[in-house]
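Working notes for the structure below.
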Amino acid sequence: MVLVWLIWILLQVLIGYNLVLPVIIYLVSLLKKEPVIPANDNTEADYALIVTAYEQVTNIPAVVNSILSLNYKQYLIYIVADKCDVSGLQFDDERVIVLRPETTLASNTRSHFYAIHNFKRDHERLTIIDSDNLVHPEYLNELDKYFNAGYLAVQGIREAKNLNTTYACLDAARDIYYHFYDGKILFKVGSSATLAGSGMAFTTALYRECLEHLDITGAGFDKVLQSAIVGRDIRIAFAGSAIVYDEKTSDTGQLVNQRSRWINTWFKYFKFGFTLLAKGIAKPSWNQFLFGLILLRPPLFIFLLLSVFCLFINVFISWAVALLWVFGFLIFIIGFLLALVQSPTDKRIYQSLINIPKFIFFQVAALLKVNKANQRSVATRHTYNNPEDHES
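Positions in the sequence shown are counted from 1; adding 7 to them yields our numbering.
The following block contains the structure:
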């Protein structure tokens, strides 16, 4: 009986710390100075902007037009149109290279390396842009600040391109939460920003060193990449002014398909957290230790539901512990709202928060389909296409 009780306590601790850890890290960050990032010296590096598309190229002209509007000169755009009809992709600008693989790749990293192996010149840096993204005109200039400060990997910020539905607004709220705590705050306290799949940049040499020997299929290449980078004890910088505008999930079918893949990647790759924790303790390395701890955290809705379950059980066995859980939830809510208040947050996002229970419901539906996640699709099919619904 004692053993069961100890296991129950340990289980609650492993679940409950997720509610309060972000706020604890935030409080630690208040004691830290902002990282010193020097201004640009106006020396441009040579970038490859890799845009990957799978089966659909509807949004490609918009993303290319936004890239060609960059206040930057030294770059080429590589569009890898995997299993796509490229007959309509005609660009007059010689900086745009359209690549159509002869065989289906069905993998982000295969597409990236297809572009790398077809580079027109040896690019010093590369950045990954999704086919549904738009980029801010200062995107590369902002990235340069961090590379010039000595960083080899940089994650920009993905702001919402569309807030046209409640689900798009809630998706944006989730992104703001993660960018704040897993990007800005993690980087400020001396660890690394987590990678977000796009809006990220690396020296070409580092990207090749980390992934070229691997064949990654399905979603989650960014999880493998960030683990490889931090495993070398290299810090991933967070560039809060390097903006890409990302299309948010606007309907429930889209949400379930996308989240089922994302949940699948956590179950597949959370083990990297143990490896980084061990390295961080052995070295020791604060960068690796804290990042490893973050990788072990389940998706937001999972640990929230588990926390509700623990609270419910304790109502019947220990009011004192139940009150601790209530306190933990209050800390989490304060932390969530703090992320929104500390970030530029559209009022529509605040108005959507009342629908969080519905959002969680559809993520539970995604969890039930997680075993077949990568069979459903290798890319999110977006139905929204209005590049005017953002501020630049």
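The C-beta atom is built at its ideal place from N, Cα and C for all residues, glycine as well.
Item	Value
What separation, rounded to the nearest whole angstrom, lies between the Cα atoms of residue 8 and residue 17?	14 Å
Please classify residue 230: is it buried, with 16 or more other beta-carbons within 10 angstroms of its beta-carbon, or exposed?	buried
Is it a yes or a no for the segment 297-314 touching the segment 272-286, going by three-plus beta-carbon pairs under 8 Å?	yes
Tell me which residues share the same chain as residue 338 and place their Cβ nearer than 7 Å to its Cβ, disregarding the 5 neighbours each side in the sequence.	26, 27 and 30
Which same chain residues end up closer than 6 Å to residue 161 when comparing Cβ atoms and leaving out the 5 residues on each side of it in sequence?	150, 153, 208, 244 and 246
Just the C-alpha distance for residue 273 and residue 221, rounded to the nearest angstrom, thanks.	19 Å
Any idea what DSSP makes of residue 259, helix, strand or coil?	helix
Look at the alpha carbon of residue 197 and the alpha carbon of residue 74, and state the distance between them as a whole number of angstroms.	31 Å
Taking residue 253 and residue 117 to be in contact with their CB atoms under 8 Å, please state how far apart those CB atoms are, rounded to whole angstroms.	At roughly 22 Å, the Cβ-Cβ gap does not stay under 8 Å, so residue 253 and residue 117 are not in contact.
Got a sec? Which residues, its chain only, sit under 8 Å from residue 47 by beta carbon, not counting five neighbours each side?	148, 151, 152 and 155
Pick helix, strand or coil for residue 229, following the three-state DSSP scheme.	helix
Since residue 159 and residue 241 should fall inside the 8 Å C-beta cutoff, what is the C-beta to C-beta distance between them, to a whole number of angstroms?	6 Å
For residue 174, tell me which candidate among 313, 216, 43 and 255 has the shortest Cα-Cα distance.	255
For residue 135 versus residue 205, is the C-beta distance shorter than 9 Å?	yes
Using only alpha-carbon positions, find the residue among 304, 223, 312 and 308 that is nearest to residue 113.	223
Hey, residue 170 and residue 353 are a contact pair by Cβ (cut 8 Å); roughly how many whole angstroms apart?	6 Å
If you count every other CB in all the chains shown that lies within 10 Å of the CB of residue 398, and 16 or more means buried, which is it?	In this predicted model, residue 398 has a pLDDT of only 38, less than 50, meaning its place in the structure is not dependable enough to derive any value.
Throw me the rounded Cβ distance for the residue 105 and residue 123 pair, which I believe falls under 8 Å.	That belief does not hold up - the Cβ atoms of residue 105 and residue 123 are roughly 16 Å apart, past 8 Å.
Does residue 237 pass the burial test, meaning 16 or more other C-beta atoms within 10 Å, or should it be called exposed?	buried
Is it buried or exposed for residue 218, if we count other Cβ within 10 angstroms and need 16 for buried?	buried
In the DSSP assignment, what are the bridge partners of residue 166?	252
For residue 89, write down the residues that DSSP places opposite it in a beta bridge.	61
What are the start and end residues of each continuous alpha helix (DSSP H) run of 4 or more residues lying completely inside the segment 267-347, in chain order?	279-289, 293-302 and 307-324
Considering only residues of the same chain and omitting the five flanking positions on each side of residue 35, which have a CB-CB separation below 6 Å?	196
Roughly how many angstroms separate the alpha carbons of residue 63 and residue 139, rounded to a whole number?	10 Å
Ordered along the chain, which non-local residues of its own chain (more than five positions away) have a Cβ less than 7 Å from that of residue 266?	370 and 373
Assign residue 72 to one of two classes, buried (16 or more other C-beta atoms within 10 Å of its C-beta) or exposed (fewer than that).	exposed
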